[in-house]
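Engineer:
Residue numbers (our numbering): 58 to 848.
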């Protein structure tokens, strides 16, 4: 049976009280991912480890039924590998990432939004005589509300809470940041009541990345080198925090989403949703006060400040952060950068899904009929509305360009196949088993042959490789120096390394270097990424073999392909760790610190001397610690012995051909790709979740309640929050069914079947929520009646 991994990357926009709608969406995403994980375990597909202590919800069982129905012809597994969010979307992204990383429920966050996201709980009311004096404005406020806000405030509850808000402190943020942080801490602690060591919805060998945008009020000085003057300094206010979890070995996670990371995650949620004027700016000092009052620790505080926020010294606690939407309301770019580097265990269907609760839809005629804006309206739009609604066209065009590049890569590899296969046949023996030592020799011979046949093209290829490795080494040494509190600017360090490599590569004009040359030794000891590309290229070959499973007298066993791929991904993981600071010990950090000191002393244009010796020693030490040649031997053994024992002889030869012949392909593709983009060659398709994209239950006249009052509406009315939350679940359910079907490789459902799937899923959601959503007694009943009429 064909197997497909549907890999989702999620982007949550900002939107103040529309966070409640987005919470409903995140609940459905979690239900689908968990349903897929539970089904995988049920049918014997390993790789995830859902908690055994929680029974599946009605919604999860409905998604399992959908996947079972499609499973008659195609087995679909759903994985989330990246989440990004800004402002209200950042809060939901953080909680969803925690839930996926450790298979935790989101029920406690429903209470956060429905009970606590209310103006009477968020507001800091004014007491004493001032409140009494302000109560006199109520008649004026009533007239203003009736005249200016019209139908948005007919509801008595909304009117009363607007008056309450107006009686809070003036000329200061009306909402309490400390209360808000406390509620999020409570919700996370309730989630962790279900925490079980090793439980996760992340497939083995995979990583979940979370990106959260913040606005640094003061900004960070960035030095940019130009010609005259030598440099300029600018303030950078944009911060993108990155948290991740890695499922390295079965039932063991290296995670930044666990109970010991709650404090920094809540701070990120508080800061990214610190809407200007509504909440005070978020500070570390405020978070420290909240944790102290609650008697809760912050075990990763210093690490978070230094590495994630890049803050040092006593002033770190007073640094102010405001809403992430000010600088990046639609955080596509960080997700786009990581999703193409995510390996999959099967053929992959990639979807970048963004959640936009109130998409802007206005034609040119409407724009032309709009009156000229007034003084205050222009100021408000310029400072708030326009920056928060920057277009996403550039990001989507970037995805299109990457898709075209993937198509080009596929075509280039196919065109090179006959030439490379002929070259490899001259190197590999046609018969007999290959021992590890022999495979190592043949691989070296293929490298030498590829380089020798490249002609002048080799100069460009080798120069690009040297520069790419130099950049990585400069960044690594800079990060190692930071762990010792020493600043080492990577761009300056790269210049130094580039000078050093220039000396090593001076003999390129005489043709490819010899094995004993310094440049070869440098790449042999430090070129991690070449090895990663080689393994991913071999995995690409393995992926092409699944459709041949069961063919011929010596059939391929898919489980054996799975086993080999699992081992290759483990090797990729080992290689990737070589670029992580945590891989290196104290001695490496000290060496980097010394190197940073020498860098500061080194004068531009100097003749090097002692400093170049320091750099050479540092590079030699990093090379020894990386131990790449030991990994090369392990990988050669994996391809020769392990794969030879698991695969039929002719198939094993094909795999060896891809592994040994990779040097030929890399010469063609790397100068254009300049990345490790060999995991899967597939398109990334973009999908949106919003009320405008669904039609089973709502029509074009449908509106979210939270869109009222400049998107603060749901904070003023419990029934409005319940309405938006429930519709978030229903809209997401309909869209997720469509996304799953789009990845099903042409598997078609009849209209009757599809209607039944939607009906079952919608009713499961209502059954889950019926006892919780009571503010509007007619809400659930009316929807059930409409659902039963679906055909």
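Note that CB positions come from ideal geometry on N, CA and C, so glycine has one too. Fair warning: this is a prediction, and the values are worked out from it, not measured in the lab.
(1) Going by DSSP in three states, residue 483 sits in which element: helix, strand or coil?
(2) State the beta-bridge partners of residue 277 as determined by DSSP.
(3) Classify residue 849 as helix, strand or coil using the three-state DSSP reduction.
(4) Under 8 Å: do the region 376–393 and the region 452–461 share three or more Cβ pairs, one atom per stretch?
(5) Let's test the definition: count the other Cβ atoms within 10 Å of the Cβ of residue 322 and tell me whether it reaches 16, buried, or not, exposed.
(6) Would DSSP call residue 142 helix, strand or coil?
(7) With a cut-off of 8 Å, do at least 3 Cβ pairs link the region 798–813 to the region 124–132?
(8) Among the residues of its own chain, which have a CB less than 8 Å from the CB of residue 413, if the five just before and after it don't count?
(9) Measuring alpha carbon to alpha carbon, tell me which of 60, 116, 111 ends up nearest residue 820.
(10) Need the endpoints of the alpha helix (DSSP H) that residue 744 sits in, please.
(11) Measure the C-alpha to C-alpha separation of residue 577 and residue 264 and round it to an integer number of angstroms.
(12) Would the region 163–171 and the region 90–104 be scored as touching if the rule is three or more Cβ pairs under 8 Å?
(13) Check this for me: beta carbons of residue 320 and residue 355, under 7 Å apart or not?
(14) For residue 275, tell me which candidate among 502, 239, 215, 375 has the shortest Cα-Cα distance.
(15) Name the DSSP beta bridge partners of residue 267, please?
(16) Taking only the alpha-carbon atoms, compute the straight-line gap between residue 149 and residue 245 and give it to the nearest angstrom.
(17) Is it right to say residue 722 is buried, meaning 16 or more other beta carbons lie within 10 angstroms of its own, or is it exposed?
(18) Looking only at its chain, what residues have a beta carbon closer than 6 Å to the beta carbon of residue 526, apart from the 5 residues adjacent to it on each side?
(19) Is there contact between the region 677–690 and the region 637–652, where contact requires at least three CB pairs shorter than 8 Å?
(20) Determine the closest residue to residue 826 out of 781, 250, 622, 394, with distance taken between C-alpha atoms.
(21) Can you give the Cα-Cα distance for residue 177 and residue 232, rounded to whole angstroms?
(22) Would you tell me roughly how many angstroms separate the C-alpha atoms of residue 483 and residue 652, rounded to the nearest one?
(23) Is residue 571 helix, strand or coil by DSSP?
(24) Taking the alpha carbon of residue 147 as the point to measure from, which residue in 108, 160, 83, 138 has its own alpha carbon closest?
(25) Judging by CA-CA distance, which residue of 279, 156, 590, 793 is the nearest neighbour of residue 247?
(26) Find out if the Cβ-Cβ distance for the pair residue 728, residue 518 is shorter than 7 Å.
(27) Which same chain residues end up closer than 6 Å to residue 675 when comparing Cβ atoms and leaving out the 5 residues on each side of it in sequence?
(28) For residue 632, which residues of its own chain have a beta-carbon under 7 Å away from its beta-carbon, when the five flanking residues on both sides are left out?
(29) Just how far apart, CA to CA, sit residue 104 and residue 285?
(30) Taking the alpha carbon of residue 690 as the point to measure from, which residue in 628, 352, 364 has its own alpha carbon closest?
(31) Can you check whether the CB of residue 300 is closer than 7 Å to the CB of residue 258?
(32) Does the Cβ-Cβ distance between residue 646 and residue 549 come in under 7 Å?
(33) Name the DSSP beta bridge partners of residue 616, please?
(34) Please list, in chain order, all residues of the same chain as residue 91 whose beta carbon is under 8 Å from its beta carbon, the five residues on each side excluded.
(35) With 16 other CB atoms within 10 Å as the buried threshold, where does residue 758 fall?
(36) Quick one: grab the DSSP three-state call for residue 415.
Structural biologist: Working from what's here:
(1) coil
(2) 293
(3) The structure shown does not extend to residue 849, since the chain is modelled only from 58 through 848, so no value can be given for it.
(4) yes
(5) buried
(6) strand
(7) yes
(8) 70, 745, 746, 747.
(9) Out of 60, 116, 111, 116 has the C-alpha closest to the C-alpha of residue 820.
(10) Residue 744 -> not in any alpha helix (DSSP H); beta strand (DSSP E) instead, spanning 741–746.
(11) 32 Å
(12) no
(13) yes
(14) 375
(15) 140, 300
(16) 12 Å
(17) buried
(18) 583, 584
(19) yes
(20) 781
(21) 9 Å
(22) 46 Å
(23) coil
(24) 83
(25) Minimum Cα distance to residue 247 is reached at 156.
(26) yes
(27) Apart from the 5 residues on each side of it in sequence, residue 675 sits with its Cβ closer than 6 Å to the Cβ of 648, 652 in its chain, given in chain order.
(28) So the qualifying residues of the chain are 585, 588, 589, 688.
(29) 56 Å
(30) 628
(31) In this structure, residue 300 does not lie closer than 7 Å to residue 258 by Cβ.
(32) It is not a contact, given that the beta carbons lie outside the stated cut-off.
(33) Looking at the DSSP assignment, residue 616 forms no beta bridge with any residue, so it has no partner.
(34) 107, 113, 117, 160, 258
(35) exposed
(36) coil
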